[in-house]
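In my numbering, the protein residues as written are 5 to 362. Structure record follows, encoded as structure tokens.
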Ligand code: IPM
Ligand code: MG
């Protein structure tokens, strides 16, 4: 299995290193063989090649079986023109791989209930849902225009039936092996793209997914419901930008954005992309403080979705669960009132205890 590895910027190299350590431990235990190829993307690629995603990098990713990514970006590249920013590399890669379905779980670990910022009675009901975010369409990939005088700008949001159907299919099928409930989030009271979205999703439910409970929710209400009663959600289906915003909100109520992995899936014959949902955290880069769990769980998702290695994926997830239950913490999930100071770990030590638990 050939894995393209994008370490990226900021804490990216640290967290990816630890995820690779974990993959190597899983490889040993389950007798697997992973080949890694380093690929440049983001600020480091701008520094080295003058652009955030050189064609060579795209080729290397396309030639792999899966792509594992840390994080890209940082203040160093803030003055780059918009088309040459590190984030552009990521958007270009998603587009090149055609990974239209972004799966972002929002699950609260039992051991981290105290880190949940919601009221105890709300947290007690638990949080376990998945955001299925459309990833290669919408306003992210529509026209972005600024006139010469820079006093007028336009960003265009488009959606086609094909784009809506394939992402809705992912959501319905995800719900089918969970609690059979899809909440489709849109802004159909204002946006035309949302109106056809709602229509198409409803038709699919009636035609092919009558076993799934479907409801529609406006995005402003969804943002409120996620903090009011997150236990009501099973699968949230939504377009690109709403999904970007709601998945950050969802991650934060589970305790820390540092814990959440994501998988970006596309056609069967192309490599898929796995990454933590957090950014490159330049403020703590190089200090061995980052939480590697999001990236480690992204590697587990890679084993599950791209390589169908369910047992190895579960072994990693169970190890993470166990060490959190045992009280091990990184700074972002450490709570002085509840946690043991002697169990506060850096990035590499955290990966070490997870590896030992596999
Ligand atoms: C994410 C990030 C990206 C996005 C940025 C870095 C372009 O916020 O993966 O959620 O907006 O999709
Ligand atoms: Mg985001």
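Built from N, CA and C at the ideal position, the CB exists for glycine as well. All values reported here derive from a predicted model rather than from experimental measurement.
Burial state of residue i, where buried means 16 or more other Cβ atoms lie within 10 Å
i	result
residue 121	exposed
residue 318	exposed
residue 149	exposed
residue 282	buried
residue 10	buried
residue 228	exposed
residue 162	exposed
residue 166	exposed
residue 1	This structure leaves residue 1 out entirely; the chain is present only between 5 and 362.
residue 194	exposed
residue 363	Absent from the model: residue 363. The displayed extent of the chain is 5 to 362, so no value can be given.
residue 207	exposed
residue 237	buried
residue 198	buried
Chain-order list of residues whose beta-carbon lies under 6 Å from that of residue i (same chain, five-residue window excluded)
i	result
residue 366	The question about residue 366 has no answer, for the chain in this structure spans 5 to 362.
residue 219	187
residue 305	265, 267, 278
residue 109	134
residue 23	299, 300, 303
residue 34	316
Short Cβ contact (7 Å threshold) for residue i with residue j
i	j	result
residue 270	residue 103	yes
residue 76	residue 13	yes
residue 40	residue 7	yes
residue 245	residue 142	yes
residue 98	residue 132	no
residue 239	residue 303	no
residue 260	residue 336	yes
residue 82	residue 5	no
residue 90	residue 54	no
residue 328	residue 338	no
Chain-order list of residues whose beta-carbon lies under 8 Å from that of residue i (same chain, five-residue window excluded)
i	result
residue 159	143, 146, 147, 148, 149
residue 29	359, 362
residue 209	176, 186, 216, 218
Bridge-paired residues (DSSP) for residue i
i	result
residue 12	75
residue 7	40, 70
residue 333	348
Own chain residues within Cβ distance below 7 Å of residue i, not counting five before or after
i	result
residue 292	18, 350, 351, 352
Where are the beta strand (DSSP E) runs, 3 residues long or more, that stay fully inside the stretch 149-229, in chain order? Listed in chain order, the complete beta strand (DSSP E) runs (minimum 3 residues) inside the stretch 149-229 are 157-159, 185-190, 217-222.
Which whole runs of the alpha helix (DSSP H) in the stretch 238-289 are 4 residues long or more, in chain order? Fully enclosed alpha helix (DSSP H) runs of 4 or longer: 244-257.
Quick one: complete alpha helix (DSSP H) runs, 4+ long, within the stretch 61-140? Counting only runs of 4 or more, we get 90-101, 124-127.
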